[in-house]
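The structure under discussion appears below in the form of structure tokens.
2 protein chains.
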Amino acid sequence: MTHKAAFTAVKTVKAYERVVEQIETAISKRDLRPGDRLPSERELMLTFEVSRSTIREALRVLESTGLVRSRPGDPRGPEVLQASPAILTKTVNRLVRLETIALSELVEFRIMLEGAACTLAAQHRTEEQLEAMRAAVDAMQAEIAHGPVAFSRADVAFHSSVWAASHNQLMQICGEATRGALIDMVTDGLDRAPDSAARMELSLAHDGEILAAISAGDGPTAGRLARSFLIEYYGDVISP
Amino acid sequence: MTHKAAFTAVKTVKAYERVVEQIETAISKRDLRPGDRLPSERELMLTFEVSRSTIREALRVLESTGLVRSRPGDPRGPEVLQASPAILTKTVNRLVRLETIALSELVEFRIMLEGAACTLAAQHRTEEQLEAMRAAVDAMQAEIAHGPVAFSRADVAFHSSVWAASHNQLMQICGEATRGALIDMVTDGLDRAPDSAARMELSLAHDGEILAAISAGDGPTAGRLARSFLIEYYGDVISP
DNA sequence: CAGAGTGTACTGGTCTGACCATGTATTTCA
DNA sequence: TGAAATACATGGTCAGACCAGTACACTCTG
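Going down the list, the protein sequences come from chains A and L.
Going from the first sequence to the working numbering is simple: count from 1 and add 263.
Going from the second sequence to the working numbering is simple: count from 1 and add 263.
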């Protein structure tokens, strides 16, 4: 009779991957903390019993994920970095650009995101952030006289302050990524608007309403307003 | 008199980074498309005029970003991959685990996303997709008897069908990424729920309500329902 | 004794050249 | 015509070497 053994799938794991894995778990277990130094490549190749090429490939992928940084000549060895959402931004950006996405989808996504941000901002905003948003709206008012370009810069600043007030980094990252992608796609038609004066006044009024809802802590209203204003604003794009 | 030249900062760029950059832009410019093959490492080292180590390091970081995949022995060379949210999931996961991003943020983001998806699904769903959603709910009903694990699988399937019905790839990508991350984070506490039967019934009822709103084409209601149900479901996580 | 300059040892970045196991594509054979 | 054996280029890994750069200890000077 044969033994009933619980066999498990065997997949060959490349050497450098196991090195990456070990260092990665050491970091996520807090055995290695930001600011700590890894042993030098030559020491690592002894402890892991692999060649230096393997160690280097492992370090390259750790570096590309933002976990460590190597600097030539530093006798203290590679540095363990503080994890940062910046790497996420890069990934999201690439995904947004790489994927063949219709402009209407991108706009739609942005509208939903912006609405959500306003909702969250209404719930989470601090007094300082409220003040910043008010200042941003005042700046918009002032910039109307300087033309649509200056105005739209101020408009962006207002929305940024809303993102910040949402207290949600994921939201901010996605917002930034979609804004960047949108700019890339429609950059040419920015100031062609013939009725720019009226449009600016309208935008200002809309943002003022949103701010009022956020200020009142009324998340659903803030979100609904933002969405409907944006749908109006982008109407021609979203349903051509 | 000296020339007034516009000097610019000089930072040494590592060789493998320039290789990465070139291949990356080739991919983002669609010169290289998913399924295409890169030249072999030995050919690449000739065209880039660097050693094979450098080429390999470049390939490792491209691989860790999910852009290409190398398989030993394949004479056709490294493959250019389809962009996938999987890498996003991994990154989000790591950031949450390292507490750079709070779990509550992730949950919050997911709730807003899910609400938006329901709203869009109500507006864009086709007849077939509606049918698929109904089938998914029926499947949930049937799976209740088979325990919480099977049920939650069916639940996921229902939500997937909603994402699909939203007709928005970005939404789907972000949804998948956050779902993956959340599953990894809270997977252990899945079937510890003592009141699992009641919970399943409740989920089923909720999803039924959402489906009804989607079916009726009532986007705002669908979104509102989804958000409030999820807030209830994740209540303990989001405000501890 | 303090500070500026010099050394030096070790670091990471890159290169060369080699070996192995593997997957594909061709060739061979029935 | 189909299956089996082979050839060959591939990626994974290794060993050893050289160079430019950095940190740190060590001078030398005032």
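A virtual CB, placed ideally from N, CA and C, is assigned to each residue, including glycine.
Since this is a predicted model, take the numbers as computed values, not measurements.
With respect to the alpha helix (DSSP H) encompassing residue i, which residues constitute its N-terminal and C-terminal limits?
i: residue 422 of chain L; result: 410 to 428
i: residue 352 of chain L; result: 349 to 360
i: residue 492 of chain A; result: 482 to 496
i: residue 477 of chain L; result: 459 to 478
i: residue 397 of chain A; result: 390 to 406
i: residue 364 of chain L; result: Unbroken run through residue 364 of chain L: none, as it is neither H nor E.
i: residue 275 of chain L; result: First-last for residue 275 of chain L: undefined, no H or E at that position.
i: residue 323 of chain A; result: 315 to 327
i: residue 307 of chain L; result: 304 to 310
Distance check for residue j and residue i, CA to CA, integer angstroms please.
i: residue 483 of chain L; j: residue 400 of chain L; result: 21 Å
i: residue 442 of chain A; j: residue 349 of chain A; result: 16 Å
i: residue 281 of chain A; j: residue 330 of chain L; result: 20 Å
i: residue 453 of chain A; j: residue 471 of chain L; result: Residue confidence for residue 453 of chain A is low, a pLDDT of 48 falling below 50, so the modelled location carries little weight and cannot support an answer.
i: residue 421 of chain A; j: residue 380 of chain A; result: 12 Å
i: residue 279 of chain A; j: residue 360 of chain L; result: 23 Å
i: residue 365 of chain A; j: residue 387 of chain L; result: 15 Å
i: residue 556 of chain A; j: residue 429 of chain A; result: Since the first residue shown for chain A is 264 and the last is 503, residue 556 of chain A is missing from the structure and cannot be characterised.
i: residue 310 of chain L; j: residue 333 of chain L; result: 18 Å
i: residue 490 of chain A; j: residue 426 of chain L; result: 19 Å
i: residue 398 of chain A; j: residue 274 of chain L; result: 39 Å
i: residue 439 of chain L; j: residue 459 of chain L; result: 25 Å
i: residue 287 of chain L; j: residue 445 of chain A; result: 21 Å
i: residue 315 of chain L; j: residue 499 of chain A; result: 52 Å
i: residue 367 of chain A; j: residue 284 of chain L; result: 30 Å
i: residue 497 of chain A; j: residue 362 of chain A; result: 21 Å
i: residue 466 of chain A; j: residue 492 of chain A; result: 8 Å
i: residue 289 of chain A; j: residue 353 of chain A; result: 24 Å
i: residue 473 of chain L; j: residue 404 of chain L; result: 15 Å
i: residue 317 of chain L; j: residue 308 of chain L; result: 8 Å
i: residue 378 of chain A; j: residue 345 of chain A; result: 31 Å
i: residue 390 of chain A; j: residue 409 of chain A; result: 29 Å
i: residue 276 of chain L; j: residue 277 of chain A; result: 28 Å
i: residue 335 of chain A; j: residue 335 of chain L; result: 31 Å
i: residue 272 of chain A; j: residue 291 of chain A; result: 26 Å
i: residue 469 of chain A; j: residue 394 of chain A; result: 18 Å
i: residue 461 of chain A; j: residue 461 of chain L; result: 56 Å
Are the Cβ atoms of residue i and residue j separated by less than 8 Å?
i: residue 396 of chain A; j: residue 494 of chain A; result: no
i: residue 355 of chain L; j: residue 358 of chain A; result: no
i: residue 448 of chain A; j: residue 407 of chain A; result: no
i: residue 341 of chain L; j: residue 322 of chain L; result: yes
i: residue 327 of chain A; j: residue 327 of chain L; result: yes
i: residue 419 of chain A; j: residue 324 of chain L; result: no
i: residue 312 of chain A; j: residue 319 of chain L; result: no
i: residue 376 of chain L; j: residue 437 of chain L; result: yes
If residue i and residue j are in contact, beta carbons under 8 Å, what's the gap, nearest whole angstrom?
i: residue 402 of chain L; j: residue 480 of chain L; result: Rounded, the Cβ-Cβ distance is 23 Å, inconsistent with contact.
i: residue 485 of chain A; j: residue 382 of chain A; result: 6 Å
i: residue 343 of chain L; j: residue 293 of chain L; result: Not really, about 11 Å apart at Cβ, beyond 8 Å.
Sufficient close CB pairs (3 or more, under 8 Å) joining the stretch 432 to 444 of chain A to the stretch 366 to 376 of chain L: yes
Segment contact flag, the stretch 412 to 429 of chain L with the stretch 333 to 350 of chain L, C-beta cutoff 8 Å, min 3 pairs: no
The stretch 304 to 320 of chain A in contact with the stretch 298 to 308 of chain L per 3-pair CB rule at 8 Å: no
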